[in-house]
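Asks: Have a look at the structure that comes next, please.
Number of protein chains: 2
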Amino acid sequence: MKDLISRVEILKVVAHPARVAILDELSKGVKCVSDFQDFLEIRQSNVSQHLSALRHAGLIDYYVDGRLRCYFLKNPFILDLLGIIKKEYEGDLQGPECCPVTKKGKYPGDRKK
Amino acid sequence: MKDLISRVEILKVVAHPARVAILDELSKGVKCVSDFQDFLEIRQSNVSQHLSALRHAGLIDYYVDGRLRCYFLKNPFILDLLGIIKKEYEGDLQGPECCPVTKKGKYPGDRKK
DNA sequence: TTCATATATTCGAATATTAGAATATATGAA
DNA sequence: TTCATATATTCTAATATTCGAATATATGAA
């Protein structure tokens, strides 16, 4: 259960357009901060803030080359997550039996009505 | 790209402990509001608020049986998401080549240093 | 009809997140 | 050393989220 909570924490960090975009780029290879600045259209300080959040959550890490920080993906959960984020789904799940017009059906549990 | 954004919106809604727990319960079958009240330990109004958020995001729906609202999973993405949320991962991704002590390596891009 | 139960909605205070501006730090080049 | 570039950090205002309290609504039972 403790583990489920930490996964939720990860989801929270990922659930931002810029951060998903950063992670998706990193899934293709190493990138430095200015690379992100180019294709996201946000300020440098904001890029750094997002990278910092992702790093503190243990999702990415970096190494240094001169003045550049080279970021890379670290957490394997993220690859799976990106996979389903980009996956196409056709239609809804088949619901339980109930009338689609009146939206009435039967409660399957043992709670008193 | 529009589609990626809507997935991020879904992640935002899911990224809350109570809501993940609700979705996980629903992945096992139909449940009514009081069922959630029992095993989450939160107020009824708050349960309703979470259910409302999940429903407005198109993740769940419900049908009625007397006074009970019977909720069920609707969005197939959620099943995949729950799958990886509960999956175990061993260790980190293999990073790019770089010295693990000094954290120095080579930037692979074409940006000037 | 009256009552109790199941659920939803509204409101508001506390808290968290976001992104820009300004500033700091580190490094390579000159 | 001086300068410019790459990046991080701090501060702050705007905004969003969270959850409890109170209230509303709908339904079955008596």
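The listed protein sequences correspond, in order, to chains A and B.
Going by our numbering, the first sequence opens with residue 66, and the numbers climb by one from there.
Going by our numbering, the second sequence opens with residue 66, and the numbers climb by one from there.
Using N, Cα and C, we set each Cβ at its ideal position, and we do this for glycine too.
Just verifying my parser: in three-state terms, what is the DSSP assignment at Lys-77(A)?
Replies: Start at 1 with the first residue of the first sequence, and residue 77(A) comes out as number 12. It is helical.
Asks: Could you check which residue in Ala-118(A), Thr-167(A), Glu-155(A) has the C-alpha nearest to that of Tyr-136(A)?
Replies: Here residue 136(A) refers to the residue found at position 71 when the first sequence is read from its first residue. Among Ala-118(A), Thr-167(A), Glu-155(A), the Cα nearest to that of Tyr-136(A) is on Ala-118(A).
Asks: Only counting the same chain, and skipping five residues up and downstream in sequence, which positions put a Cβ closer than 7 Å to that of Ala-83(B)?
Replies: Within the second sequence, residue 83(B) is the residue found at index 18, counting from 1. If we look at Ala-83(B) and ignore the five residues flanking it on each side, its Cβ neighbours are Leu-105, Ile-107, His-115.
Asks: Residues of chain A with CB closer than 9 Å to the CB of Asn-140(B), please, in chain order.
Replies: Locating residue 140(B) in the second sequence gives position 75, where the first residue counts as 1. Here the neighbours are Tyr-154, Asp-157, Leu-158.
Asks: With 9 Å set as the bound, which would you pick, yes or no: does the beta-carbon of Arg-108(A) sit closer than that to a beta-carbon of chain B?
Replies: Locating residue 108(A) in the first sequence gives position 43, counting from the first residue. By this cut-off, Arg-108(A) is not an interface position.
Asks: Since Lys-93(B) meets chain A, which of its residues come closer than 9 Å, beta carbon to beta carbon?
Replies: As a working mapping, residue 93(B) is identified with position 28 in the second sequence. Those do not exist, as Lys-93(B) stays about 11 Å from chain A at its closest Cβ, beyond 9 Å.
Asks: Can the beta-carbon of Leu-133(B) be found less than 9 Å from the beta-carbon of Tyr-172(A)?
Replies: Taking the second sequence and counting its residues from 1, one reaches residue 133(B) at position 68. Taking the first sequence and counting its residues from 1, one reaches residue 172(A) at position 107. Closer than 9 Å, so yes.
Asks: Which one of Tyr-128(A), Cys-163(A), Gly-174(A) has the shortest CA to CA distance from Pro-161(B)?
Replies: Start at 1 with the first residue of the second sequence, and residue 161(B) comes out as number 96. That would be Tyr-128(A), whose Cα lies nearest to the Cα of Pro-161(B).
Asks: If we cut at 9 Å on Cβ distances, does Cys-163(A) have a partner in chain B?
Replies: Here residue 163(A) refers to the residue found at position 98 when the first sequence is read from its first residue. True, the Cβ-Cβ gap to chain B drops below 9 Å.
Asks: Label Cys-163(B) either buried or exposed according to how many other C-beta atoms from any shown protein chain fall within 10 Å of its C-beta, with 16 as the threshold for buried.
Replies: In the second sequence, residue 163(B) corresponds to position 98, counting from 1. So Cys-163(B) counts as buried.
Asks: For His-81(B), return the contacting residues in chain A, with the cut-off set at a CB-CB distance below 9 Å.
Replies: Here residue 81(B) refers to the residue found at position 16 when the second sequence is read from its first residue. What His-81(B) touches in chain A: Val-73, Leu-76, Lys-77.
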